[in-house]
Amino acid sequence: MNSPGFVSVVIEMARQTAVLLLQNRLLWVVAVAEVGCAVIAFLLGYRPPRHADGRLLYSMLAWWLLLSVLMPWVTMYFAVQAIHGDIEERTFQYLFLRPVRRSALLLGKWLAVALFGSVLTAIGAVILFLATLPHAELWVDGVQWSVLTAFVLAGVCGAVAYSAVGALFAAWTKRPLVWTAVFIVGMQYFIGNLPAKAGIRAITVADPVRRMVLDRVEPDRRLARWLWPSEREFDPEVIGQPVWNLVVITGVALALALRAYARSEYDARARE
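For the sequence shown, our numbering assigns the number 10 to the initial residue and increments by one for each residue that follows.
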């Protein structure tokens, strides 16, 4: 019996994972959360922060609600469920007994999660932006669609990186959800919000995602302070190469995940 090709296994595993993710009840929670964020934006449009325009209001909500909270938690949770769920439910034995490479299985799962996270983040960014449009007084100089583009692109890149980190925890650790919480709270919320001079920010996903946004939005002093409170005077030179940083983080996390998934001897574990 000939084993299927590597690429075909990746594609089929991605398809099967996507089907399972579509059945996950968390999608309803995400939908409600994204609509809730849009409602908040719409209501704040009637009484926005002092001297706030549409760009500032949208950027503030999109960063702190969508890209800082919803995107990392949802994407990494889906990654853990897609990869570690097979171990919890003892179905991994059937996958590993097939004449296919484990690396192809993991890549397919990661690809599906990355696509899911990207689509959900993009939809949330669009819905949130549309909620600000009825308030024409916030867009005195016209609607700035480039702001929406900036957050969609940053959100997609961030979701791809977060899914790779989630895959690493799912393949390498026995308690991936615990490590996910530690990573998001400790690495993203604390270290990611340090001043630019703190070089340790380079190991986070949140920092390059924010630098992508700042690079494309070209913020004034007030908007820069909203997006990066710890940085008193925003300097465009701190932008650096955020896309390359995300590529490195994604590549390293995925490589480590592939190594762990291919070599580990997994036992059935209790569901977290």
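Where a beta carbon is used, it is the ideal one built from N, C-alpha and C, also for glycine.
Leaving aside the five residues before and after residue i along the sequence, list all residues of the same chain whose C-beta is less than 6 Å from its C-beta, in chain order.
i	result
A23	G117, L120, A121
W235	M69
F105	Confidence at F105 is low in this model, with a pLDDT of 49, below 50, so the placement of that residue is unreliable and no value is reported for it.
D224	I248
E43	G133, I136
A140	A47, A50, F51
P58	none
P251	P217, R220, M221
A271	R111, S112
S77	none
L29	none
M196	T213
A233	F243
Under 8 Å Cβ to Cβ from residue i, same chain only, skipping five residues before and after it: list those, please.
i	result
V169	A123, G126, S127, L255, T259
L162	M221, R225
L157	Y67, A134, V135, F138
A27	A121, L124, F125
Y103	With a pLDDT of only 45 at Y103, under the threshold of 50, the placement of this residue in the model should not be trusted, and no figure is reported.
W188	F178, T182
Ordered along the chain, which non-local residues of its own chain (more than five positions away) have a Cβ less than 7 Å from that of residue i?
i	result
F15	R110, A113
L129	V39, V83
I92	L115, K118, A176, A179, A180
V19	A113, L116, G117, L120
L283	In the structure displayed, the chain extends from 10 to 281; residue 283 sits before or after that span and is not available.
F298	This structure leaves residue 298 out entirely; the chain is present only between 10 and 281.
L142	V152
Since residue i and residue j are thought to touch, with beta carbons under 8 Å apart, how far apart are those beta carbons, to the nearest angstrom?
i	j	result
L75	G133	5 Å
A266	W181	7 Å
L263	A173	5 Å
A131	V165	6 Å
F243	R230	7 Å
V214	G167	6 Å
Does the ligand MN have a heavy atom nearer than 7 Å to the CB of residue i?
i	result
H93	Because no ligand of any kind appears in the structure shown, any question about the ligand MN cannot be addressed here.
Give a yes or no on contact between the region 55-67 and the region 144-151, applying the rule of three or more CB pairs nearer than 8 Å.
-> yes
Of all the alpha helix (DSSP H) runs that stay within the bounds of the region 162-223, which reach a length of 4 or more residues?
-> 185-191
Does the region 79-87 come close enough to the region 37-53 that 3 or more CB-CB pairs lie under 8 Å?
-> yes
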